[in-house]
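Some notes on the structure that comes next.
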Amino acid sequence: MTRESARARAPGKLILSGEHAVVYGHPALALAVDRGTAVTLRRRPGPTAIERADFTDPRLLPGLCTVLPEHGVGVEIESDLPVGRGMGSSAALAVAVVRAWAALEGQAMGFAETHAAAFGPERVFHGDPSGVDHAVSALGGCVRYRKTPAGPEITPLPSPALRLVVVDSGSAGDTGALVAGVRSRRPGIDPALDAIGVLVGQVEAALDAPAVLGPLLTENHRLLGQIGVSTPVLDAIVAICLRAGALGAKLAGAGGGGVVLALVEDPAPVLRAVRAAGYTAFDVGTAPATPAGDAHAGDR
Ligand code: PMV
Numbered sequence: 035m036t037r038e039s040a041r042a043r044a045p046g047k048l049i050l051s052g053e054h055a056v057v058y059g060h061p062a063l064a065l066a067v068d069r070g071t072a073v074t075l076r077r078r079p080g081p082t083a084i085e086r087a088d089f090t091d092p093r094l095l096p097g098l099c100t101v102l103p104e105h106g107v108g109v110e111i112e113s114d115l116p117v118g119r120g121m122g123s124s125a126a127l128a129v130a131v132v133r134a135w136a137a138l139e140g141q142a143m144g145f146a147e148t149h150a151a152a153f154g155p156e157r158v159f160h161g162d163p164s165g166v167d168h169a170v171s172a173l174g175g176c177v178r179y180r181k182t183p184a185g186p187e188i189t190p191l192p193s194p195a196l197r198l199v200v201v202d203s204g205s206a207g208d209t210g211a212l213v214a215g216v217r218s219r220r221p222g223i224d225p226a227l228d229a230i231g232v233l234v235g236q237v238e239a240a241l242d243a244p245a246v247l248g249p250l251l252t253e254n255h256r257l258l259g260q261i262g263v264s265t266p267v268l269d270a271i272v273a274i275c276l277r278a279g280a281l282g283a284k285l286a287g288a289g290g291g292g293v294v295l296a297l298v299e300d301p302a303p304v305l306r307a308v309r310a311a312g313y314t315a316f317d318v319g320t321a322p323a324t325p326a327g328d329a330h331a332g333d334r
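Under the working numbering, residues 35 to 334 are what the sequence shown spells out, in order.
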């Protein structure tokens, strides 16, 4: 049955390991976080329009209209994710609008259809994304993602009990430009991309062993520096986190700005140290895995 209005929410994400390398067929591990984006749709006369949004971007309406018709829908967007910081605000938006539209139209939508449809807005935002961001947003929990010529291989993993602090570098990274930059530095940086691919397997094996996992994350950060996507600010934040007792730290997402994630035993000293250095920081929890096949599962 169709409806007059519908709302759906989807979580943001952090890439634990494997960003950029995932574009070239290596695996990546991503975690859904307990912050997200909600989309409310209402039928209305006239052209489809954004009526209220917690953030603005000229790509918003074109992105939404890869899912929505050009006429007849009013859109409200609420988000508590920092935008353009590698926490999956666009992926959460993409999944939420796909789910809200399915709910408005009274259609059940499983994961595969949701993932395929959410590529529409993601391509408007990011060019040719691997699809890892909106896979984990749609599935929740922890996901291993690998892009293959036959389509994505997406494996839900048990959610690890990790204590994570997120530090905002204060500037946004441009994912499309960063991915293009990495591409332009190949094949010279291929050994570093291959090393990231190997590291992802080690990270997966260490998900329940924080003392082993921490240094692997820091090594992932070093390799991301080698492929040219870290910045002096991100390197400085990683160093502050490690000095304050973090088990490991890395930029998360495309880099060039965005956030650093730090694996901690106790968030307090790390939060104190980065805040004293002038950065915004918060601890973040994981979002639970979404019940399979539930088109409305984001409604929480
Ligand atoms: O959305 P971001 O900024 O967290 O970056 C996405 C991850 C990349 O691996 C850099 C790109 C991709 O398409 O997977």
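Glycine is no exception: its CB is placed at the ideal position from the N, C-alpha and C atoms.
Check                                                                                                                           : Outcome
Simplified DSSP assignment, three categories, for P79                                                                           : strand
Near the ligand PMV: V166 beta-carbon under 7 Å from a heavy atom                                                               : yes
For I271, the first and last residue of its enclosing beta strand (DSSP E)                                                      : Not the beta strand (DSSP E): I271 falls in the alpha helix (DSSP H), residues 266-277.
Contacts around R178, its chain only, beta-carbon distance under 7 Å, and the 5 residues preceding and following it disregarded : P61, L63, T189, L191, E238
Residues bridged to P221 [DSSP beta-bridge criterion]                                                                           : Note: P221 sits in no beta bridge, so no partner.
Nearest residue (CA-CA) to D228, options F89, T90, S51                                                                          : S51
Check: H160 C-beta below 7 Å from any heavy atom of the ligand PMV                                                              : yes
Distance cut-off 7 Å: I223 Cβ against heavy atoms of the ligand PMV                                                             : no
Start and end residues, alpha helix (DSSP H) containing E253                                                                    : 244-260
I49 CB to nearest heavy atom of the ligand PMV below 7 Å                                                                        : yes
Separation of P45 from P325, as counted between CA atoms                                                                        : 14 Å
Minimum C-alpha distance to L247 - residue among I261, G262, G292, P194                                                         : P194
With 16 other Cβ atoms within 10 Å as the buried cut-off, status of S205                                                        : exposed
Spatially closest choice to G259 from G106, G287, R77, by CA coordinates                                                        : G287
Status (buried if at least 16 other CB within 10 Å, exposed otherwise) for S264                                                 : buried
Where the beta strand (DSSP E) through E112 begins and ends                                                                     : 105-113
Beta-carbon proximity list for H105, same chain, < 8 Å, skipping 5 on both sides                                                : G80, P81, T82
Selected residue, minimal CA-CA separation from P163, among A55, A311, F145, L281                                               : A55
Short Cβ contact (8 Å threshold) for E112 with A72                                                                              : yes
Minimum C-alpha distance to A110 - residue among P225, G120, L94                                                                : Reading the sequence as shown, one finds Glu at residue 110 and not Ala. The shortest C-alpha separation from E110 is found at L94.
Among T36, A226, D91, P103, the one whose alpha carbon lies nearest that of H160                                                : D91
8 Å Cβ cutoff met for D208 and G290                                                                                             : yes
E53: CB within 7 Å of a non-hydrogen atom of the ligand PMV                                                                     : yes
A288 Cβ short of 7 Å to the ligand PMV heavy atom set                                                                           : yes
Beta-carbon spacing of V67, A321 below 8 Å                                                                                      : yes
Contact under 8 Å by Cβ, K47 with A151                                                                                          : no
Pairwise C-alpha distance: R133 and R43                                                                                         : 8 Å
Between the CA atoms of V213 and A245 - distance to the nearest angstrom                                                        : 31 Å
First through last residue of the beta strand (DSSP E) which encompasses V199                                                   : 198-202
Boundaries (first-last residue) of the alpha helix (DSSP H) holding T148                                                        : 145-160
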